């Protein structure tokens with residue numbers, strides 16, 4: 004009886020050990036990738052830490068545009084890293100394994116995994132490979148957003164000098180917040196479809212930001228807390244919280260983009276791709292999104 008009890012206890016201990024290792028790997032990946040992103044997003048991090056005067060807002064915008072590839076590379080790590088054990092990454096790996104067994108290949112309009120499936124906790128090389136792949140498109144995506152943000156903030160400064168200018172404060176603020184969220188969603192789309200047209204990425208990023216607007220509140224709350232922490236304790240917050248904060252933002256933004264991923268999978272009419280994105284066998288087919296060919300350059 005004692006032997007049987009010991010045998011029954013071994014599987015439970017094995018599950019507990021695997022769970023502990025999984026949590027440890029996830030924490031290591033999030034912390035390590037966050038530290039890598041501090042280098043990839045060094046212009047923005049430096050401005051947030053050392054320049055705290057709102058009147059220099061053009062500097063903030065330039066730093067944000069220059070840091071776009073660093074954030075896109077971080078989103079790429081979160082998309083594919085096996086150590087994070089996300090459901091979307093598992094579904095992607097299973098679908099890719101199934102396609103490989105049957106001699107099929109992933110279409111070239113969908114990004115191949117940025118992280119090798121055999122990786123457990125490594126991230127450094129994968130991060131900079133993703134940075135190199137996504138750099139030019141990321142800059143091109145965020146540059147027009149930065150110009151629009153500059154125009155809106157400049158107009159707001161002029162409007163506040165007028166007697167009726169305060170009436171424009173709230174509408175312009177809402178536009179700026181939607182612009183920020185559209186930029187984040189656009190990077191998620193770009194990571195998934197690196198060959199897409201920039202104009203279509205921006206349009207669909209804005210549509211998705213409006214469609215699931217309540218996730219904007221979560222993203223902004225997390226980013227506001229992060230910015231406040233950087234100003235209070237820059238080194239500690241930058242090293243320990245960067246990866247976690249951006250992972251929370253990525254999860255929220257990825258969920259906003261999920262309807263688009265499903266629509267693209269549905270239009271592909273490929274069962275493997277539909278399985279990759281968790282598309283149900285039957286579902287609504289109406290969509291306000293752009294046609295598939297816009298993402299197949």
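In my numbering, the protein residues as written are 4 to 300.
For glycine and all other residues, C-beta sits at the position ideal for the given N, C-alpha and C.
A quick note: this is a predicted structure, and the numbers were derived from the prediction, not measured.
- For residue 140, the secondary structure class from DSSP, reduced to helix, strand or coil, is helix.
- Between residue 50 and residue 149, the gap from beta carbon to beta carbon reaches 8 Å or more.
- For residue 168, there is no enclosing alpha helix (DSSP H), as DSSP gives it neither H nor E.
- Rounded to whole angstroms, the separation of the alpha carbons of residue 31 and residue 228 is 22 Å.
- For residue 240, the enclosing alpha helix (DSSP H) covers residues 237 to 271.
- For residue 101 and residue 135, the gap between their C-alpha atoms comes out near 29 Å.
- For residue 208, the enclosing alpha helix (DSSP H) starts and ends at 201 to 214.
- Scanning 238, 233 and 251 for the CA closest to the CA of residue 222 turns up 251.
- Residue 268 and residue 85 have their alpha carbons spaced roughly 22 Å apart.
- With the rule of 3 Cβ pairs closer than 8 Å, the region 199 to 213 does not count as touching the region 269 to 278.
- Here residue 46 has 66, 69 and 70 as same chain residues with Cβ atoms under 6 Å from its own Cβ, once five neighbours each way along the sequence are excluded.
- The beta-carbon separation of residue 137 and residue 79, rounded to 7 Å, stays under the 8 Å limit for a contact.
- For residue 219 and residue 36, the gap between their C-alpha atoms comes out near 23 Å.
- The three-state secondary structure of residue 194, taken from DSSP, is helix.
- In this structure, the alpha-carbon of residue 270 lies about 48 Å from that of residue 235.
- In the DSSP assignment, residue 45 falls within the unbroken alpha helix (DSSP H) covering 45 to 53.
- When DSSP states are grouped into helix, strand and coil, residue 115 belongs to the coil group.
- Counting along the chain, residue 60 sits inside the alpha helix (DSSP H) bounded by residues 60 to 83.
- Distance check between residue 118 and each of 130, 109 and 108 places 130 closest, using alpha-carbon atoms only.
- Between the C-alpha atoms of residue 264 and residue 224 there is a straight-line separation of about 25 Å.
- Between the region 106 to 114 and the region 187 to 202, the count of C-beta pairs closer than 8 Å reaches three or more; the two stretches touch.
- Between the beta-carbon of residue 193 and that of residue 75 there is about 6 Å, and that keeps the pair under the 8 Å contact cut.
- By the neighbour-count criterion, in which 16 or more other beta carbons inside 10 Å mark a residue as buried, residue 105 falls on the exposed side.
- DSSP places residue 110 outside both helix and strand once states are collapsed to three, so it counts as coil.
- Just measuring C-alpha positions, the residue of 44, 266, 260 and 258 sitting nearest residue 77 is 44.
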